[in-house]
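Q:
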Amino acid sequence: MVFSSVKLNYLLPNYGGFGGPIRMLLDDAEIKYEYNLIDREQWPTLKAKWTEEGLPFDCVPMIELDGKRYAGTQPILRFLAKKLGKYAPADADLEQYVDVTADYAGDWARAVFKAIFNPPNGIDEYKKNDLEKYFKRFDRIYGAHKGPYAAGEEISYADFVVYVVMNLEANKDSIKDYPNLAAFAEAIKSRSGLQEAVKQI
Numbered sequence: 001m002v003f004s005s006v007k008l009n010y011l012l013p014n015y016g017g018f019g020g021p022i023r024m025l026l027d028d029a030e031i032k033y034e035y036n037l038i039d040r041e042q043w044p045t046l047k048a049k050w051t052e053e054g055l056p057f058d059c060v061p062m063i064e065l066d067g068k069r070y071a072g073t074q075p076i077l078r079f080l081a082k083k084l085g086k087y088a089p090a091d092a093d094l095e096q097y098v099d100v101t102a103d104y105a106g107d108w109a110r111a112v113f114k115a116i117f118n119p120p121n122g123i124d125e126y127k128k129n130d131l132e133k134y135f136k137r138f139d140r141i142y143g144a145h146k147g148p149y150a151a152g153e154e155i156s157y158a159d160f161v162v163y164v165v166m167n168l169e170a171n172k173d174s175i176k177d178y179p180n181l182a183a184f185a186e187a188i189k190s191r192s193g194l195q196e197a198v199k200q201i
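When the letters of the sequence shown are read in order and numbered with the UniProt record's numbering, they come out as residues 1 to 201.
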């Protein structure tokens, strides 16, 4: 076993937000973990406690691996990939492609979250001005290599980020209109370790 204990701390239930891709990777790798859903009223106290304990990064998601704490969605995903020896391509060029895919997916997520927090017309403006742009971009990304995933036949950590983002409420009805993303979605849904996850996303 790579880790004797794993605890993921985050603020949203199920597979929501930036904690979702980390949970998906852990599920797919069949790693048992504790999910600590932080009460929002308790979050300032917990953040202060972490800072007092000498932790520089007072943010979530925060993962604890064998007692050590690590922060940042994509850094955590990359770190887990290295520790597990999978979810990151061995080829340097392909690894860079995966990194860019995850980075762009973060941009896409922030565009949607900005719209969510700008009612009453934020989502309407997003759908009018940005939705097609992002779907076209990621359909190209997922069409560049032979296979359903960003890197081709092998799943990578970036795929978990993209899957969560494209299944946000503002996006999910459009997946069927983009063939490469639709094929990618079906590939994720077919993975044995993700059967429960996809029901909650």
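Every residue, glycine too, gets a C-beta built ideally from N, C-alpha and C.
The structure displayed is predicted, hence computed values, not measured ones.
Less than 8 Å between the C-beta atoms of VAL98 and SER192, yes or no?
A: Counting from one through the sequence shown, the residue named residue 98 turns up at place 98. Counting from one through the sequence shown, the residue named residue 192 turns up at place 192. Going by C-beta atoms, VAL98 is not nearer than 8 Å to SER192.
Q: Compute the distance between the beta-carbons of VAL164 and PRO21, then report whether it is under 8 Å.
A: Walking along the sequence shown from the start, residue 164 turns up at place 164. Walking along the sequence shown from the start, residue 21 turns up at place 21. Their beta carbons are under 8 Å apart, which means VAL164 touches PRO21 by this criterion.
Q: When burial is assigned at 16 or more other CB atoms within 10 Å of the CB, is TRP43 buried or exposed?
A: What you label residue 43 is simply residue 43 of the sequence shown in a count that begins at 1. It is exposed - the Cβ of TRP43 has fewer than 16 other Cβ atoms within 10 Å.
Q: So for GLY54, helix, strand or coil by DSSP?
A: Numbered from 1 along the sequence shown, position 54 holds the residue referred to as residue 54. Reduced to three states, the DSSP call for GLY54 is coil.
Q: Could you pull the start and end residues of the alpha helix (DSSP H) that ILE63 belongs to?
A: The sequence position of residue 63 within the sequence shown is 63, counting from 1. Here ILE63 belongs to no alpha helix (DSSP H); instead the beta strand (DSSP E) covers 62-65.
Q: Need the endpoints of the beta strand (DSSP E) that ARG69 sits in, please.
A: Looking up residue 69 in the sequence shown gives position 69. Here the beta strand (DSSP E) through ARG69 covers 68-71.
Q: The alpha helix (DSSP H) that contains LEU168, what's its start and end?
A: Taking the first residue of the sequence shown as position 1, residue 168 is located at position 168. No alpha helix (DSSP H) contains LEU168, which DSSP labels as neither H nor E.
Q: Secondary structure at ASN9, three-state DSSP: helix, strand or coil?
A: Residue 9 sits at position 9 when you count from the first residue of the sequence shown. ASN9: strand per DSSP, three-state reduction.
Q: Assuming ALA197 and MET24 make a contact with CB atoms under 8 Å, what is their CB distance in whole Å?
A: Position 197 of the sequence shown holds residue 197. Position 24 of the sequence shown holds residue 24. About 5 Å; that satisfies the 8 Å criterion.
Q: What separation, rounded to the nearest whole angstrom, lies between the Cα atoms of GLY16 and ALA92?
A: On the sequence shown, position 16 is the one that residue 16 refers to. On the sequence shown, position 92 is the one that residue 92 refers to. Distance between the alpha carbons of GLY16 and ALA92 is about 31 Å.
Q: Evaluate ARG78 with the Cβ neighbour count: other Cβ atoms within 10 Å of its Cβ, from every protein chain shown; 16 or more gives buried, anything less gives exposed.
A: For this step, residue 78 is matched to residue 78 along the sequence shown. Flag for ARG78 reads buried.
Q: Find the nearest neighbour of TYR134 within the set ARG69, ALA111, GLY143, judged by alpha-carbon distance.
A: Within the sequence shown, the letter at position 134 stands for residue 134. When only C-alpha atoms are compared, the closest one is ALA111.
Q: Note down, one range per segment and in chain order, each alpha helix (DSSP H) of at least 4 residues found wholly within the region 174-201.
A: With a minimum length of 4 residues, the continuous alpha helix (DSSP H) runs that stay inside the region 174-201 are 179-189, 195-199.
Q: Does the Cβ of ASN129 have 16 or more other Cβ atoms within 10 Å, making it buried, or fewer, making it exposed?
A: The count along the sequence shown starts at 1 and reaches residue 129 at position 129. It counts as exposed.
Q: How is ASN118 classed by DSSP in three states: helix, strand or coil?
A: Residue mapping note: residue 118 aligns to position 118 of the sequence shown, counting from 1. Coil at ASN118, not helix or strand.
Q: From LEU168 to ILE201, what does the alpha carbon distance come to, in whole angstroms?
A: Working through the sequence shown from its first residue, we reach residue 168 at position 168. Working through the sequence shown from its first residue, we reach residue 201 at position 201. The straight-line gap from Cα to Cα measures roughly 8 Å.
Q: For PRO41, does the three-state DSSP call read helix, strand or coil?
A: In the sequence shown, the residue the question calls residue 41 occupies position 41. Note on identity: in this sequence residue 41 is Glu, with Pro being the wrong assignment. Of the three classes helix, strand and coil, the one that applies to GLU41 here is coil, per DSSP.
Q: According to DSSP, TYR35 sits in a beta bridge with which residue or residues?
A: As a first step, residue 35 must be located in the sequence shown, where it is residue number 35. Its beta-bridge partners are LEU8.
Q: Is it true that the CB of GLY106 sits closer than 8 Å to the CB of PRO61?
A: On the sequence shown, residue 61 is found 61 positions in, with the first residue counted as 1. On the sequence shown, residue 106 is found 106 positions in, with the first residue counted as 1. Contact: no.
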